[in-house]
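Everything below concerns the one structure shown next.
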Amino acid sequence: MPELIPGAPWGAAMQHVGIGVYSWSPISGELSWDDRLAAVFAADRPGEAPFDTWLRRVHPDDRAAVLATIAQFPEGERPERVFRIVLGDGRVRHMLVFPIDVQRDEDGKPVRTRGVMIDVTSARETEGRIAGMLDAISDGFFLLDHDYRFAFVNRQAELVFGATREELIGRSVWEAFPETLGSRFEDVYRRVMDDKVTDRFEEFYPEPLNGWFEVRAEPAAEGIVVFFQDVTERRTRQEERDRLLDAERHSRHETERARDQLAYEATHDPLTGLVNRWQFHRLAEAAIAELGTPVVVMFLDLDRFKLINDSLGHAVGDELLVVVGERLSRHLRAGDVLARQGGDEFVVLLRNASRAEALAVAERMRAVVAEPVEVEGHTLMTTVSIGLAAAGPGATVETMLRDADVALYRAKDTGRDSVAWFDAQSHQRLLDRIALESDLRDALVGGELEVHYQPSFAIDDGRLCGVEALARWSHPERGLVPPDVFIPLAEEAGLIRTLGRQVLEASCRQAADWQGVPDLIVWVNVSGRELTPGYADSVLDLLAQEKLSPHQIGIEVTESVLADEAVAVHQLRLLHTAGVAVAIDDFGTGYSSLARLAVLPISLLKIDRSFVSNVATPFGRAAVDLVVHLAGALGVPVIAEGVETPDQLEALREAGVGLVCGYLLGRPAAAQSLGPQILPT
Ligand code: C2E
Ligand code: CA
Ligand code: CA
831 MPELIPGAPW
841 GAAMQHVGIG
851 VYSWSPISGE
861 LSWDDRLAAV
871 FAADRPGEAP
881 FDTWLRRVHP
891 DDRAAVLATI
901 AQFPEGERPE
911 RVFRIVLGDG
921 RVRHMLVFPI
931 DVQRDEDGKP
941 VRTRGVMIDV
951 TSARETEGRI
961 AGMLDAISDG
971 FFLLDHDYRF
981 AFVNRQAELV
991 FGATREELIG
1001 RSVWEAFPET
1011 LGSRFEDVYR
1021 RVMDDKVTDR
1031 FEEFYPEPLN
1041 GWFEVRAEPA
1051 AEGIVVFFQD
1061 VTERRTRQEE
1071 RDRLLDAERH
1081 SRHETERARD
1091 QLAYEATHDP
1101 LTGLVNRWQF
1111 HRLAEAAIAE
1121 LGTPVVVMFL
1131 DLDRFKLIND
1141 SLGHAVGDEL
1151 LVVVGERLSR
1161 HLRAGDVLAR
1171 QGGDEFVVLL
1181 RNASRAEALA
1191 VAERMRAVVA
1201 EPVEVEGHTL
1211 MTTVSIGLAA
1221 AGPGATVETM
1231 LRDADVALYR
1241 AKDTGRDSVA
1251 WFDAQSHQRL
1261 LDRIALESDL
1271 RDALVGGELE
1281 VHYQPSFAID
1291 DGRLCGVEAL
1301 ARWSHPERGL
1311 VPPDVFIPLA
1321 EEAGLIRTLG
1331 RQVLEASCRQ
1341 AADWQGVPDL
1351 IVWVNVSGRE
1361 LTPGYADSVL
1371 DLLAQEKLSP
1381 HQIGIEVTES
1391 VLADEAVAVH
1401 QLRLLHTAGV
1411 AVAIDDFGTG
1421 YSSLARLAVL
1431 PISLLKIDRS
1441 FVSNVATPFG
1451 RAAVDLVVHL
1461 AGALGVPVIA
1471 EGVETPDQLE
1481 ALREAGVGLV
1491 CGYLLGRPAA
1501 AQSLGPQILP
1511 T
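Set out below in structure tokens:
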């Protein structure tokens, strides 16, 4: 092959492609070519000028462009152009025209250009195949030139863009898709273009595409190549999956929450939010096992809570418990546990406390509860009693709670609003008390109680005027139990009415026996707790039953009964009106006002033994004088009890006391051993 074009780069490759050299005179319009080009153009008419052949073969649409390319040859530029030729059999070939040099005249006007024409049909076909392939791939694909103009758009991209290749090619992507500006798409395209790096991302593209796209942008010689895929569906699926996952996570969370809630409810008191007794038990058990002796358990019980609850309603009571719970919890130390044991009882676990520390905590709690509480417009004053127990050897939660409860009992016993430690002695006393209570119950059921009678006399002539019925209990093992012990026990155990009834019945039987003794009154001690509605009737019924006159029986009550019990006073008044005498026992130890005494149903004032035993002293004498004057003002007689010495008797006589009784004159004794008593002279 002749060296037509010195320095041409393609060398050997020229032999494989249809390539030929042409020369063109813009002035004469004359074209000449070599044999090879003549062959490519199928110059089948001998004698026909190459230009005419060329003209016949070149596709009419491309003619002007090819002529322009070979005719004008601007300095420094080598325009090349592909054009089509149509052969005789209709086949189309693609030719590349490539001007090489130009000859100019003196004026610089081109007189002849030369160049090559290359049959690039097969290359075109390859390109077409590639384009076809690009069309066939499901990815969208487009090519942007260095000015971000579309250089190629595949079929899929056309579908996605809703625009044809023809509409897009040559247009700037920013102009065709202004939404791209300022978005991640712009960012990436520019970076890939400038930095020649590949990038891949997934992003939402707004209207008009309105979908999620996975995009891969690669640098290319021509600019950048962008592959993209609509992944909206996958994203939607993904989002749905995420949503389901979320929902599942949520429901798992709910389940956990419900389980936590259940666990909370199982371990907490719903009213106060404090730990409940079961949880306290668990925590205390663990603390005892772990720490041993420094563990202290406190038992707290509100004083008179029932009163508040009954009089102001449960809502107020509940609110009070909540407030108390809050106040108590403020005085807990780290690690301590406050629990509601139930009702108005709280328990505290001090994990690590000396006796002094525990006592200090208890005192603080006692003080803080004593502060007034405002609930629904009521100012409530409440106090708390606290029992403390320290862990001893072999302690368990049960024994500690029991001990603290025992201590609490003692705290209540010493007047409430107080703190007490458990001690074994008081525990023993409590156990004794419980045992005794049960024995008393049995004794009452078995009718084992006896009644002794102590006589009283008129001080002037020694006449017997009455006997006081006094209950006697001979315990099978303990022997005689004093009434000062078993009467309060009976009152607390709710046995006093049974006891009182038995004494009254015995007294009435006895009174019936003593019908013959003139003006004899059998005095019966009655506890305030017996004076409930219907009491007077029951006494009067019994009198009628025993065919006794009401005047044969007297009732002894203490001043305190008269002080505040309206019901009790009413019952006494009924009895008094019916003719039953009413004596005020232990007079002088209570707080009766004269004005009040004046309106009460009273038949007799009984001066307390403490005054009598002091009657020889100026103070004792003054006290007795006062009672005598008081009785005079009320118009009732006075009896002095507990007379033990003749001096006392003499002083009482001087003071003007009308009636007396006491060991000096006669001890309480069984009815049968009680003969007619005469006042010693
Ligand atoms: P009380 O009603 O003040 O009874 C008088 C108490 O003084 C009796 O004690 C009697 O034995 C005692 N006493 C009488 N004379 C003398 C004396 O000269 N010196 C001394 N040191 N004591 C004397 P008792 O029998 O031990 O009864 C104690 C309390 O038990 C009674 O005090 C009464 O409050 C209560 N009580 C006894 N029996 C009954 C009862 O059947 N029902 C009720 N509710 N209480 C009763
Ligand atoms: Ca009495
Ligand atoms: Ca008395």
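So the sequence shown is numbered by the working numbering: it starts at 831 and just counts up by one.
By construction, the Cβ of each residue, glycine as well, lies at the ideal position given by its N, Cα and C atoms.
*Presumed contact (8 Å Cβ cut-off) between F871 and W884, rounded CB distance*: 6 Å
*Are the Cβ atoms of L974 and V927 separated by less than 9 Å?*
no
_Per-residue burial, I857 [other beta carbons within 10 Å of its own, 16 or more giving buried]_ = exposed
*Is the segment 1149 to 1156 in contact with the segment 1217 to 1231, if contact means three or more CB pairs nearer than 8 Å?*
no
*asked:* Looking at the secondary structure, which residues open and close the alpha helix (DSSP H) in which V1315 lies?
replied: 1313 to 1323
*Go through the segment 973 to 1017 residue by residue and report every complete run of the beta strand (DSSP E) that reaches 3 residues or more, in order.*
980 to 983
*Name the DSSP beta bridge partners of R1170, please?*
N1106, F1176
*Can you list, in chain order, the stretches of the alpha helix (DSSP H) that have 4 or more residues and sit fully within the segment 1419 to 1475?*
1424 to 1429, 1439 to 1443, 1448 to 1464
*Is there contact here, the segment 1340 to 1349 with the segment 1309 to 1319, by at least three beta-carbon pairs under 8 Å?*
no
*Tell me which same chain residues have a C-beta within less than 6 Å of the C-beta of E1009, skipping the five on either side of it?*
P1036
*Taking the alpha-carbon positions, what's the L1405 to P1100 distance?*
51 Å
*Whole-angstrom Cβ separation of V1125 and L1180, contact assumed at under 8 Å?*
7 Å
*asked:* For a test of your reading of the model: does the CB of I1317 fall under 8 Å from any non-hydrogen atom of ligand 1? Yes or no.
replied: yes
*May I ask you to report which of helix, strand or coil DSSP gives Q1502?*
helix
*Compute the Euclidean distance between the alpha carbons of L1361 and Q1375, then round it to the nearest angstrom.*
20 Å
*Rank I1264, C1491, G1222, R1170 by C-alpha distance to the C-alpha of F1283 and give the top, closest one.*
Here residue 1283 turns out to be Tyr, not Phe, going by the sequence shown. It is C1491.
*Which of helix, strand or coil does DSSP assign to D1416?*
strand
*Does ligand 1 have even one heavy atom less than 8 Å from the beta-carbon of C1491?*
yes
*What residue from S1081, W1108, A1047, H1083 has the CA that sits closest to Y1094's CA?*
W1108
*Take the Cβ of T1102 as the centre, count every other Cβ of all protein chains shown within 10 Å, and call the residue buried at 16 or more, exposed below.*
buried
_Cβ pair A1221, I1118 closer than 9 Å_ = yes
*Is D1415 near ligand 2, judged by its Cβ being under 8 Å from some heavy atom?*
yes
_DSSP beta-bridge partners of G1384_ = W1353, A1411
*Going by beta carbon distance, what residues of the same chain come within less than 6 Å of A843, once the five residues before and after it are set aside?*
The predicted position of A843 is uncertain, since its pLDDT is 38 and thus under 50; a value taken from the coordinates is nonetheless stated next. So the list is empty, once near-sequence residues are dropped.
_Can you give me the C-alpha to C-alpha distance between G1207 and D1133, rounded to a whole angstrom?_
21 Å
*Is DSSP giving D1269 helix, strand or coil here?*
helix
*Within the chosen definition, does the segment 936 to 954 reach the segment 1026 to 1046 through at least 3 CB pairs nearer than 8 Å?*
no
*E1386 Cβ short of 8 Å to ligand 1 heavy atom set*: yes
*asked:* For D1060, list the residues DSSP reports as bridge partners.
replied: F1043
*asked:* Please state whether the Cβ-Cβ distance between L1238 and V1199 is less than 9 Å.
replied: no
_Close beta carbons around I1054, own chain, < 7 Å, minus the five adjacent residues each side_ = L974, Y1019, V1022, M1023, A1047, E1048
*Between T899, P876, I915, which lies nearest to P890 when the distance is taken from Cα to Cα?*
I915
*asked:* Rounded to whole angstroms, what is the Cα-Cα separation between K1136 and D1247?
replied: 15 Å
*Regarding D1439 and ligand 3, is the C-beta to nearest heavy atom distance less than 8 Å?*
Residue identity check: residue 1439 is Arg in the sequence provided, not Asp. The answer is yes for R1439.
*asked:* Quick test of your reading: A868 and P880, contact by CB under 8 Å. State the CB separation rounded to the nearest angstrom.
replied: 7 Å
*Between the C-alpha atoms of L1334 and L1113, what's the straight-line distance to the nearest angstrom?*
54 Å
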